[in-house]
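K.L.:
Provided herewith is a single structure, encoded as structure tokens, for subsequent inquiry.
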Amino acid sequence: MTPLARKRLTRIALNTAGSLVFLFAIFPVYWMVATSFKANDQIFTTSFIPFPTHFTFEHLFGVLTEGVAGNSIWVYMRNSAVVAVGTVLVGSLFALLAATAVARFRFKGRTSFLITLLIVQMIPTEALLIPLFLNVRRLGLYDQLLGLIVIQVGLTLPFGIWMLRTFVAAVPKTLEEAAWIDGASRFTTFWKVLFPLVAPGLVATSIFSFITAWNDLIFALVLMKDTAGYTMPVALQFFFGQRGTDWGAIMATSTLMTLPVIAFFLLVQRRMVSGLVAGAVKG
Amino acid sequence: MTDTSTLARGGANTSAPRRRRGSRNHARGSGLPDWAVPYVLLVPGIVVIAGLLLWPMIQVFVMSFQSISLRVIRGVADPEWVGLDNYTKLFENDVFWSSLRNTVVFAAVTVSLTLVVGTAVGVLLNRLSKGMSTFVIIGIMCAWAVPPVAQGTIWRWLFDAEAGIINWALNLLPDWLSTLVLGRADWTGEPWLNDAWSVYVVLVLTVVWASFPFIAVSVLAGLKGIPAELYEAARVDGSSPWRTFRKITFPLLKPVFAVLTILSIIWDFKVFSQLYVLLNGPTNREAFNLSLFSFAEAFKAPPKMGTGAAIAVVLTLILLLVTAVYTRQMVKQEDLA
Numbered sequence: 017m018t019p020l021a022r023k024r025l026t027r028i029a030l031n032t033a034g035s036l037v038f039l040f041a042i043f044p045v046y047w048m049v050a051t052s053f054k055a056n057d058q059i060f061t062t063s064f065i066p067f068p069t070h071f072t073f074e075h076l077f078g079v080l081t082e083g084v085a086g087n088s089i090w091v092y093m094r095n096s097a098v099v100a101v102g103t104v105l106v107g108s109l110f111a112l113l114a115a116t117a118v119a120r121f122r123f124k125g126r127t128s129f130l131i132t133l134l135i136v137q138m139i140p141t142e143a144l145l146i147p148l149f150l151n152v153r154r155l156g157l158y159d160q161l162l163g164l165i166v167i168q169v170g171l172t173l174p175f176g177i178w179m180l181r182t183f184v185a186a187v188p189k190t191l192e193e194a195a196w197i198d199g200a201s202r203f204t205t206f207w208k209v210l211f212p213l214v215a216p217g218l219v220a221t222s223i224f225s226f227i228t229a230w231n232d233l234i235f236a237l238v239l240m241k242d243t244a245g246y247t248m249p250v251a252l253q254f255f256f257g258q259r260g261t262d263w264g265a266i267m268a269t270s271t272l273m274t275l276p277v278i279a280f281f282l283l284v285q286r287r288m289v290s291g292l293v294a295g296a297v298k299g
Numbered sequence: 002m003t004d005t006s007t008l009a010r011g012g013a014n015t016s017a018p019r020r021r022r023g024s025r026n027h028a029r030g031s032g033l034p035d036w037a038v039p040y041v042l043l044v045p046g047i048v049v050i051a052g053l054l055l056w057p058m059i060q061v062f063v064m065s066f067q068s069i070s071l072r073v074i075r076g077v078a079d080p081e082w083v084g085l086d087n088y089t090k091l092f093e094n095d096v097f098w099s100s101l102r103n104t105v106v107f108a109a110v111t112v113s114l115t116l117v118v119g120t121a122v123g124v125l126l127n128r129l130s131k132g133m134s135t136f137v138i139i140g141i142m143c144a145w146a147v148p149p150v151a152q153g154t155i156w157r158w159l160f161d162a163e164a165g166i167i168n169w170a171l172n173l174l175p176d177w178l179s180t181l182v183l184g185r186a187d188w189t190g191e192p193w194l195n196d197a198w199s200v201y202v203v204l205v206l207t208v209v210w211a212s213f214p215f216i217a218v219s220v221l222a223g224l225k226g227i228p229a230e231l232y233e234a235a236r237v238d239g240s241s242p243w244r245t246f247r248k249i250t251f252p253l254l255k256p257v258f259a260v261l262t263i264l265s266i267i268w269d270f271k272v273f274s275q276l277y278v279l280l281n282g283p284t285n286r287e288a289f290n291l292s293l294f295s296f297a298e299a300f301k302a303p304p305k306m307g308t309g310a311a312i313a314v315v316l317t318l319i320l321l322l323v324t325a326v327y328t329r330q331m332v333k334q335e336d337l338a
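Chains A and B are the protein sequences, given in the same order. Position in the first sequence (from 1) plus 16 gives the number in the numbering used here. Position in the second sequence (from 1) plus 1 gives the number in the numbering used here.
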């Protein structure tokens with residue numbers, strides 16, 4: 017075999033492998049979306065129907081108007097969004113303050129704080145479910161979205177600080193010093209110099225917190241009682257009813273729950289990775 | 002003002018500039034002495050972490066030695082101290098041992114599979130052309146982005162007994178091959194989610210599918226940082242691809258692998274949402290893992306929060322033990338100074 021032919025063969029092999037990986041990853045997602053647009057006779061069948069030839073919006077409209085557990089899917093979407101956005105707003109402010117402290121100052125207790133941050137990330141959050149449930153009840157936040165927000169802020173903060181601190185550290189200190197010498201106050205320096213430069217990192221951290229809060233099942237399951245307060249992951253459980261499973265409606269709901277996350281992911285994919293493995297790769 | 006500060010900065014007296022700067026801060030409206038600034042910035046973070054993570058951790062430990070009745074949950078009675086009762090009862094419970102086994106075996110299998118598949122895909126991505134690799138990355142990002150509850154739902158649908166596409170696909174296999182490898186030819190109506198063993202087959206697939214992309218993209222990011230000359234040299238020396246991976250790629254990416262392993266272990270030890278959906282809630286006790294078992298004990302009637310707490314403590318201890326070695330390494334590597 018000539019070197020050229022061999023090279024070509026390698027290329028073909030690599031591209032085939034790449035395509036297979038792509039198909040393996042995308043097919044289940046595609047199947048979810050496809051099922052949600054198929055008419056029931058094409059869903060409940062033992063044959064393979066790759067495309068919804070009997071295309072229908074019936075399931076999508078069904079979940080948006082009729083919904084499940086007595087409410088339209090809009091209600092659950094709104095609840096999920098309230099929790100996720102609330103978590104992001106409070107969480108990123110706290111994370112930014114703490115990240116600035118550890119990235120910009122040398123102080124007593126700094127190393128202990130960072131080690132604590134690392135260790136609390138090892139604690140399985142599911143293990144804290146019982147005490148957090150009782151505490152939320154004691155504080156009178158049971159069955160309130162605010163209770164969920166408080167919990168999610170706690171669960172996402174250590175990672176948020178950890179990720180954001182590398183972004184703050186990456187901003188050259190000389191810029192702040194220049195502003196300082198020009199007579200800017202500490203707050204102005206922070207707000208006008210550091211903040212705009214850290215903003216991309218803040219967006220990445222926020223999206224991470226948003227997704228964590230949006231995806232949560234276990235805390236929403238035990239902290240919300242009234243069906244009108246359910247979030248999307250909890251509401252989805254109610255489709256698996258006694259009357260047999262309405263897969264079209266389930267897949268339509270899953271699609272609605274998944275699309276915003278996919279959009280966010282594609283937006284920040286690069287920073288996600290650099291944030292998650294921050295510190296491991298010296299660059 | 003400018004004059005004095007210049008003077009002070011140039012002065013030999015070390016205490017003078019400090020005092021001077023302090024007064025300048027005051028003039029600029031922050032009112033805080035320098036040393037206090039980081040502590041003030043840390044206050045919200047410390048309050049949240051202490052109140053929502055560290056304190057509950059202590060609470061769950063204490064609660065594992067208590068009996069918590071409904072009256073305690075309602076806040077009208079105090080918990081009763083029962084010593085090691087929760088633990089002794091737990092260790093006599095068969096469900097605990099099967100949950101423990103499920104948790105550990107599942108984590109071991111899933112972490113290794115995810116790392117192997119993810120690394121292989123990462124190496125592959127590095128060799129693809131730019132357009133092709135972007136295309137594949139977008140595909141795998143979609144899998145990674147699917148929320149855990151939706152992951153469980155999708156795979157439950159793929160493995161559906163009647164209309165699931167997996168049973169359809171398995172029926173496509175030639176009968177002799179299907180019988181030889183899988184022990185049967187007809188898969189119509191095979192209920193995958195009835196028995197603990199096959200539930201875990203589905204769960205492993207679900208979790209590997211959703212988590213290999215992260216490994217792949219991280220490995221790719223690491224690979225991009227390795228100078229091309231090293232590979233060039235290896236090629237000139239006639240090194241085989243496997244040897245190149247072992248002698249160059251792996252050692253250089255060791256820190257990345259350490260982090261990826263530890264993160265995968267943490268994630269896979271406490272899988273909850275996907276299993277919850279696949280089992281349709283805490284129903285089949287044989288298929289419980291520790292997270293689901295703890296949840297079921299504490300929140301299914303009658304609530305046994307003490308036992309649930311004991312299970313949570315066991316889960317946490319195992320996880321901390323497994324990750325302790327890695328954590329130490331990470332603390333050492335990370336430049337905390």
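For every residue, glycine included, the Cβ atom is placed at its ideal position computed from N, Cα and C.
Determine which residues of the stretch 122-133 of chain B have a Cβ less than 7 Å from any Cβ of chain A, and write them out in chain order.
P.N.:
Residues passing the 7 Å Cβ filter: Val122, Leu125, Arg128, Leu129 and Met133.
K.L.:
For the stretch 249-257 of chain A against the stretch 147-165 of chain B, are there 3 or more C-beta pairs whose distance is under 8 Å?
P.N.:
Yes: the two stretches touch, three or more of their Cβ pairs being nearer than 8 Å.
K.L.:
Taking a Cβ distance cut-off of 9 Å, strictly less, list which residues of the stretch 241-261 of chain A are near chain B, in chain order.
P.N.:
Within the stretch 241-261 of chain A, the qualifying residues are Met248, Pro249, Val250, Leu252, Gln253, Phe255, Phe256 and Thr261.
K.L.:
Closer than 8 Å to a non-hydrogen atom of the ligand MG - does that hold for the CB of Thr190/A?
P.N.:
Within the structure as shown, the ligand MG is missing, as the structure has no ligands at all.
K.L.:
Output the boundary residues of the alpha helix (DSSP H) element that contains Ser6/A.
P.N.:
With chain A covering only 17 through 299, there is no way to say anything about residue 6/A.
K.L.:
Where does Asn87/B land, buried or exposed, given buried means 16+ other C-beta within 10 angstroms?
P.N.:
Classification of Asn87/B: buried, given that the 10 Å Cβ count is 16 or more.
K.L.:
Give the DSSP-derived three-state secondary structure of Trp82/B in the structure shown.
P.N.:
In the structure shown, Trp82/B sits in a strand (DSSP, three-state: E or B).
K.L.:
With a CB to CB cut of under 7 Å and the five nearest residues on each side skipped, what residues in its chain are close to Gln67/B?
P.N.:
Counting only Cβ-Cβ distances below 7 Å, and skipping sequence neighbours, we find Pro80, Glu81, Trp82, Val83 and Gly307.
K.L.:
So, is the C-beta of Ala85/A closer than 9 Å to a C-beta in chain B?
P.N.:
Cβ-Cβ to chain B under 9 Å: no for Ala85/A.
K.L.:
Can you name, in chain order, every residue of its own chain whose Cβ lies under 7 Å from the Cβ of Ser222/A, other than the five neighbours on each side?
P.N.:
Result list for Ser222/A: Val104 and Ser108, in chain order.
K.L.:
Just confirm the distance between the C-beta atoms of Ile227/B and Thr250/B, as a whole number of angstroms; I'd bet it's less than 8 Å.
P.N.:
That pair is a contact at about 7 Å.
K.L.:
Can you have a look at Lys255/B and say buried or exposed, based on whether 16 or more other CB atoms are within 10 angstroms of its CB?
P.N.:
Lys255/B should be labelled exposed.
K.L.:
Buried or exposed: where does Thr340/A fall if 16 or more other Cβ atoms within 10 Å of its Cβ makes it buried?
P.N.:
One cannot answer for residue 340/A here, as it falls past the ends of chain A, which runs 17 to 299.
K.L.:
For chain B, is any of its Cβ atoms less than 9 Å away from the one on Val225/A?
P.N.:
At residue 225/A the sequence reads Ser, which differs from the Val that was named. No, no contact with chain B.
K.L.:
Taking CB distances under 9 Å as the criterion, tell me whether Pro45/B reaches chain A.
P.N.:
So, interface residue.
K.L.:
Report all residues from its chain with a CB closer than 7 Å to the CB of Val79/A; omit the five preceding and five following residues, and keep chain order.
P.N.:
Hits under 7 Å: Ile89, Ala265, Ala268 and Thr269.
K.L.:
Any chance the stretch 271-285 of chain A sits against the stretch 138-146 of chain B, with 3 or more Cβ pairs inside 8 Å?
P.N.:
They touch, by the three-pair rule.
K.L.:
Assuming the contact rule is C-beta atoms closer than 8 Å, Leu43/B and Ala114/A should be a hit. Round their C-beta distance to whole Å, please.
P.N.:
The Cβ separation is near 5 Å, so the contact holds.
K.L.:
So, with DSSP's three-state summary, where would you put Ser240/B?
P.N.:
Three-state DSSP puts Ser240/B in coil, outside helix and strand.
K.L.:
Going by Cα to Cα distance, which pick from Ala78/B, Ala121/B, Asn285/B and Leu173/B is closest to Asp196/B?
P.N.:
Out of Ala78/B, Ala121/B, Asn285/B and Leu173/B, Asn285/B has the C-alpha closest to the C-alpha of Asp196/B.
K.L.:
Give a yes or no on whether the C-beta atoms belonging to Gly119/B and Ser212/B are separated by under 9 Å.
P.N.:
Their beta carbons are under 9 Å apart, which means Gly119/B touches Ser212/B by this criterion.
K.L.:
Between the alpha carbons of Leu157/A and Asn95/A, how many angstroms are there, rounded?
P.N.:
Cα to Cα, the separation comes out at about 15 Å.
K.L.:
If you run the structure through DSSP and keep just helix, strand and coil, what is Phe224/A?
P.N.:
Reduced to three states, the DSSP call for Phe224/A is helix.
K.L.:
Based on the DSSP output, what are the partners of Val84/A in its beta bridges?
P.N.:
In the DSSP output, where bridge partners are listed per residue, Val84/A has Asn87/A.
K.L.:
So with CB distances below 9 Å, who are the chain A contacts of Ser295/B?
P.N.:
Under the 9 Å cutoff, chain A gives Glu142, Ala143, Leu145 and Ile146.
K.L.:
Identify, in the order they occur along the chain, each residue of the same chain with its Cβ nearer than 6 Å to the Cβ of Leu114/B, setting aside the five sequence neighbours on each side.
P.N.:
Excluding residues within five positions, the ones whose Cβ falls inside 6 Å are Val209.
K.L.:
Using 8 Å for Cβ pairs, my map puts Val205/B next to Thr111/B. What's the rounded Cβ distance?
P.N.:
Val205/B to Thr111/B, Cβ: 5 Å. Contact.
K.L.:
Which same chain residues, not among the five before or five after Phe71/A, have their C-beta less than 6 Å away from its C-beta?
P.N.:
Excluding residues within five positions, the ones whose Cβ falls inside 6 Å are Phe53.
K.L.:
Rounded C-beta distance between Gln1/B and Ala259/B? I'm assuming under 8 Å.
P.N.:
Given a span of 2 to 338 for chain B in the structure shown, any question on residue 1/B remains unanswerable.
K.L.:
How should Ala109/B be labelled, buried or exposed, when 16 other C-beta atoms within 10 angstroms of its C-beta is the threshold for buried?
P.N.:
Burial call: exposed.
K.L.:
Is the Cβ-Cβ distance between Arg181/A and Val118/A less than 9 Å?
P.N.:
Their beta carbons are under 9 Å apart, which means Arg181/A touches Val118/A by this criterion.
K.L.:
Measuring alpha carbon to alpha carbon, tell me which of Ala29/A, Val84/A and Ile146/A ends up nearest Gly245/A.
P.N.:
The residue with the shortest Cα to Cα distance from Gly245/A is Val84/A.
K.L.:
Could you check the C-alpha separation between Asn14/B and Ala111/A for me, to the nearest Å?
P.N.:
Residue confidence for Asn14/B is low, a pLDDT of 44 falling below 50, so the modelled location carries little weight and cannot support an answer.
K.L.:
If you run the structure through DSSP and keep just helix, strand and coil, what is Phe71/A?
P.N.:
Here Phe71/A sits in strand by DSSP.
K.L.:
Report the three-state DSSP secondary structure of Ser70/B (helix, strand or coil).
P.N.:
Three-state DSSP puts Ser70/B in coil, outside helix and strand.
K.L.:
What span of residues does the alpha helix (DSSP H) with Tyr201/B cover, start to end?
P.N.:
Here the alpha helix (DSSP H) through Tyr201/B covers Ala197 to Lys225.
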